[in-house]
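A short worksheet on the structure shown next.
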Ligand code: G4P
């Protein structure tokens, strides 16, 4: 198979949802279809169970599982599918945002009873900003939930999407009879709560035929006819280009647990989902078909085994072929590196591979060379864009609790920040270090890992900060900027890249500061050039 064929047969995507909507269950069913796993229950949920949030062993277990499920690859009908795992827990949302920079499309899972939930809104917003093609799967149709039209409406309103259903449920909950597949024009009848894969697809070329009445009963058949007429009247026709451009989102209905509606989703997905997309670098747009290899680091994972201190850096291949033992340029360090044991990922294992293609993810063993966002190339000096940091939600001073171990503490903090576990700010006024995180859970992870991986001890002290804003001065030499720096000196810090950050202590003070110094722009995201 040629290089271009290899690219064209790859589909790299992520599944996003609010916790409990059914992401893990759907992932597992997709793997079953691909023959990548033999039985249900093989994919472990990587979510932190409720009530276990302060259990260190649980955190460690979670970290172990999330390495195992970081990338799940399998073959289906000649396509190579790479599912990138996205943590559902909101404390790890930043991790998910970063993973979204490495996907070519996304499947959004929504619970039919709960509808659009908070985490889904946030994640979809990020996908929308990046024009990532999205497909929606409405799950748990075996349960009572919202009316299909009401849900489609909610998806449009709350998520700002333009939808078109490609399947439609026949009944729901106790009365759930099956799915009409608009895409393939056939019916799949639900054969009960067996949780087995019983597929009974019946071709329906003419909806008005009495066959439909015989299959699902006259009342249901009439309702379905009316509903499908409505669908045709209200929603735009499916258009692959619009979907791939991120302006139209097809919707499927089903029940992941009962393996119902999943095959329809997957069969359509492999036909319509985009192949690896071009990616913008600061210098130019890089096309996957370019001969020279380029790629970037979107995730770093520390080794759980304390005897092996190395980390695994996850690289998304953007263009060219990645070859084992070939010298590649680490652009930020301007240094050539060779990798003798790049890992490729499969459903339940990782293996050393000689060659990987655009769309694939390789895991590289790293002893501290990489940080999130780093670019690798065959020699060209380019930098991929788009792994910004968002303002953290929680802020605490970090103190050294063992003066004999300050070197270890600094090294540990430095490496954990490069992994993207949290953000470090150094106060301008007194050099004190502040850790900012998306969720409170990260503080425990950091403390635990500093102690177990670096032999350092830390304590925290609360700091009242509402938001961190990256500062951009219209004119760094003007009087207003000097005054801002003088008056707000107590609230200024530098992030790890040396960018100036304003730590606003309340929404009110943030607003006042913006009014008083209009030429000083305050950004909630680190990347604004
Ligand atoms: P997540 O990864 O999005 O957090 O969700 P996950 O797949 O773990 O599913 C959350 C719960 O919803 C699980 O139940 C799962 O069995 C259930 N579920 C998933 N899909 C369906 C479906 O189509 N219908 C119904 N009725 N339930 C579904 P749990 O009790 O929390 O976990 P478990 O003990 O079953 O593993």
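Residue numbers (the numbering used here): 61 to 589. All C-beta atoms in this analysis are idealised placements derived from N, C-alpha and C, irrespective of residue type, glycine included. A quick note: this is a predicted structure, and the numbers were derived from the prediction, not measured.
Sequence-distant residues of the same chain with beta carbon closer than 6 Å to residue i, five excluded per side
| i | result |
| --- | --- |
| residue 537 | none |
| residue 300 | 332 |
| residue 468 | 514, 515 and 516 |
| residue 510 | 472, 516 and 518 |
| residue 589 | In this predicted model, residue 589 has a pLDDT of only 45, less than 50, meaning its place in the structure is not dependable enough to derive any value. |
| residue 554 | 486 |
| residue 406 | 133 |
Nonlocal neighbours in the same chain, by C-beta distance under 7 Å from residue i, ignoring five residues either side
| i | result |
| --- | --- |
| residue 114 | With a pLDDT of 47 at residue 114, under the threshold of 50, the predicted position of this residue should be treated as unreliable, though the coordinate-derived value follows. For residue 114, where only same-chain residues beyond five positions count, the Cβ hits under 7 Å are 504. |
| residue 308 | 222, 224, 296, 299 and 302 |
| residue 574 | 582 |
| residue 203 | 172, 173 and 233 |
| residue 325 | 197, 312 and 314 |
| residue 577 | 540 and 544 |
| residue 175 | 206, 211 and 214 |
| residue 267 | 285 and 288 |
Extent of the continuous beta strand (DSSP E) to which residue i belongs
| i | result |
| --- | --- |
| residue 194 | 194-199 |
| residue 559 | First-last for residue 559: undefined, no H or E at that position. |
| residue 82 | Note, residue 82: premise wrong, no beta strand (DSSP E); not H, not E. |
| residue 486 | 483-487 |
| residue 227 | 227-230 |
| residue 358 | 354-362 |
| residue 554 | 552-554 |
| residue 305 | Careful: residue 305 lies outside any beta strand (DSSP E) and carries neither H nor E. |
| residue 133 | 131-136 |
| residue 521 | 518-522 |
| residue 426 | 421-426 |
| residue 238 | 238-241 |
| residue 456 | 454-460 |
| residue 441 | From DSSP, residue 441 is part of no beta strand (DSSP E); its letter is neither H nor E. |
| residue 506 | Residue 506 -> not in any beta strand (DSSP E); alpha helix (DSSP H) instead, spanning 501-514. |
| residue 376 | 371-379 |
Neighbour-count burial assignment, residue i, 16 or more Cβ in a 10 Å radius
| i | result |
| --- | --- |
| residue 524 | exposed |
| residue 162 | buried |
| residue 344 | exposed |
| residue 305 | exposed |
| residue 514 | buried |
| residue 290 | exposed |
| residue 567 | exposed |
| residue 189 | exposed |
| residue 571 | exposed |
| residue 248 | buried |
| residue 168 | buried |
| residue 542 | exposed |
| residue 294 | exposed |
| residue 192 | buried |
| residue 66 | buried |
| residue 310 | buried |
| residue 381 | buried |
| residue 546 | exposed |
| residue 491 | exposed |
| residue 81 | buried |
| residue 108 | In this prediction, residue 108 has a pLDDT of 46, which is less than 50 and means its spatial position is unreliable; nothing more can be read from the coordinates. |
| residue 387 | exposed |
| residue 412 | exposed |
| residue 237 | buried |
| residue 62 | exposed |
Start-to-end residues for the alpha helix (DSSP H) that takes in residue i
| i | result |
| --- | --- |
| residue 293 | 278-294 |
| residue 333 | That residue, residue 333, is in no alpha helix (DSSP H); it is neither H nor E in DSSP. |
| residue 67 | 63-68 |
| residue 574 | 567-576 |
| residue 466 | 466-478 |
| residue 528 | Where residue 528 is concerned, there is no enclosing alpha helix (DSSP H), although the beta strand (DSSP E) it sits in stretches over 527-533. |
| residue 213 | 208-219 |
Same chain only: Cβ atoms within 8 Å of residue i, ignoring 5 sequence neighbours per side
| i | result |
| --- | --- |
| residue 549 | 488 and 489 |
| residue 265 | 245 |
| residue 322 | 86, 89, 90, 93, 314 and 316 |
| residue 579 | 533, 534, 535, 538, 540 and 541 |
| residue 565 | 524, 525, 526 and 551 |
Cβ of residue i within 7 Å of any chain D Cβ
| i | result |
| --- | --- |
| residue 558 | Chain labels in this structure do not include chain D; a single protein chain is all it has. |
Between the stretch 459-468 and the stretch 407-420, can you find at least three pairs of beta-carbon atoms closer than 8 Å? Put simply, the stretch 407-420 does not touch the stretch 459-468. Fewer than three CB pairs are less than 8 Å apart.
Assess, as a yes-or-no matter, whether the stretch 219-227 is touched by the stretch 269-286 under the definition of 3 or more beta carbon pairs within less than 8 Å. No, the stretch 269-286 does not touch the stretch 219-227.
At least 3 beta-carbon pairs within less than 8 Å: the stretch 143-151 vs the stretch 68-88: The stretch 143-151 is in contact with the stretch 68-88.
Check whether the stretch 351-360 touches the stretch 428-448, counting contact only when three or more Cβ pairs, one atom from each stretch, lie closer than 8 Å. The answer is yes - the stretch 428-448 touches the stretch 351-360, with three or more Cβ pairs under 8 Å.
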